[in-house]
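Read in order, the letters of the sequence shown are residues -27 to -1, 1 to 283 in mature numbering (1 follows the signal peptide of the UniProt record, and there is no 0).
Encoded as structure tokens, the structure appears first; notes follow it.
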Amino acid sequence: MAALLLRLRLRLRLLPLLLLLVVSLDAAPRGADAWGKQGHIMVCKIAEKYLSEKAAAAVQELLPESAGGELSTVCPWADEVRFHYRWSRPLHYANTPGVCNFSFSRDCHNSRGQQGMCVVGAINNYTDQLYSYGDSKKSSYNLTESLMFLAHFVGDVHQPLHVGYEEDEGGNTIVVRWYRRKTNLHHVWDNSIIETAMKDFYNRSMDTMVEALKMNLTDGWSDDISHWENCANKRATCANHYAIESIHLACNYAYKDVEQNITLGDDYFFSRYPVVEKRLAQAGIRLASILNRIFGDDKQDANAIPLQAQ
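See below:
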């Protein structure tokens, strides 16, 4: 019954989109890109809608020419350069020692024990670099890369299994079947849940799914946005809090009732998809909030406050 109600809710929400996006559906690519790419694009498409005028102008100036003026086109970039920038690999995630809480001092390091080398440290670092925008005395950073890294890592920290258990590498070593396809639990959360949703609810169109998420932000989640944006740290990042959220979701949803070689189907999909849907939306809202703080009118006040390690 719950699965049927969710299908009905999503299809009802989709009806106005179908009227508005008939042309885009016909033109939409039919390839099945990995959610790692699609999810990051979705996060940044949402963020673009909530950028202030000043932030949008700064982002436009920093984007590479290949972006075509759209932040979303470069948001998968950090995954594409992992094999070239090998040092960046640990920056996509954080691991806990099998516990359902995150501690920056305990968990944010690479395999050599270098502190800050995790997704939370990366968000803090690239945020700090971007504060030098417009200051010729601090222009030694490649701020285009800083922007692209930041946009990507804000997406990563919101995927629950990017803050998972060290022993199973965030679900990578847990072999499961997604309906009939053999895969691993991390891949289910990176790819399979969203691909299934796109196939079942959005005619395989990423643009249609993005529009549905935007509609929900102005309707179902409208009362939550101010809470999602809220960040007491004046240097624009509450990445530590986002990681804490993710490990809680990993424990309560991603890992829950999962064991090696289990088959995951409708029950798992319909109870976990709303989590994925909301995390995409939260990541977009929070990315916009961070960029608005960095490039907004209160930049000078924020610059007076040193960035604190979480």
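Even glycine gets a Cβ: it sits at the ideal position worked out from N, Cα and C.
Residue range 179 to 190 is occupied by the alpha helix (DSSP H) that includes asparagine 189. According to the DSSP secondary-structure assignment, threonine 236 is paired through a beta bridge with Arg150. Shown here for cysteine 73: same chain residues with a beta carbon closer than 7 Å to its own, the five before and five after excluded, namely Ile220, His221 and Cys224 in chain order.
Taking a cut-off of 8 Å on C-beta distances, the region 233 to 242 does not touch the region 75 to 86, as fewer than three cross pairs fall below it.
In this structure proline 37 is exposed. Its beta-carbon is surrounded by fewer than 16 other beta-carbon atoms within 10 angstroms. Relative to the Cα of tryptophan 50, the nearest Cα in the group Ala28, Glu21, Met171 and Gln11 belongs to Gln11. About 16 Å separates the Cβ atoms of tryptophan 151 and proline 133, ruling out a contact at the 8 Å cut-off. Taking the Cα positions, methionine 188 is about 29 Å away from glutamate 34. Your pair isoleucine 167 and valine 54 does not check out as a contact, with CB atoms roughly 23 Å apart and the cut at 8 Å. Within the same chain, and ignoring the five residues on either side of arginine 252 in sequence, the residues whose Cβ sits closer than 6 Å to its Cβ are His131.
Bounds of any beta strand (DSSP E) do not take in alanine 28; it lies within the alpha helix (DSSP H) bounded by 26 to 35.
At least 8 Å separates the beta-carbon of valine 127 from that of alanine 216.
Taking C-beta atoms as the reference points, asparagine 157 and threonine 169 fail to come closer than 8 Å. Annotated as distal: leucine 120 and isoleucine 96, with beta-carbon spacing of 8 Å or more.
Looking at the DSSP output, tyrosine 138 bridges to Thr69. When the beta-carbon positions are compared, glycine 143 and tyrosine 241 stay at least 8 Å from each other. Look at threonine 156 here: in three-state DSSP terms it is strand. In the assembly as shown, glutamate 184 is a buried residue. Its beta-carbon has 16 or more other beta-carbons within 10 Å.
Only exposed fits threonine 191, as fewer than 16 other CB atoms lie within 10 angstroms of its CB. For histidine 82, the pairing in a beta bridge is given by DSSP as Gln88.
Residue burial is scored here from C-beta neighbours: glutamine 88 has fewer than 16 other C-beta atoms within 10 angstroms and is therefore classed as exposed. Between the alpha carbons of leucine 24 and glycine 269 lies a distance of about 10 Å. Relative to the Cα of tyrosine 226, the nearest Cα in the group His214, Cys211 and Phe243 belongs to Phe243.
According to the DSSP assignment, histidine 125 belongs to the alpha helix (DSSP H) that extends over 116 to 130.
Taking the Cα positions, valine 92 is about 21 Å away from valine 32. Ranked by Cα distance from phenylalanine 75, the first of Ser45, Ala212, Val149 and Arg266 is Ala212. Check the Cα spacing between glycine 9 and each of Lys229, Asn164 and Ile198: the tightest is with Asn164.
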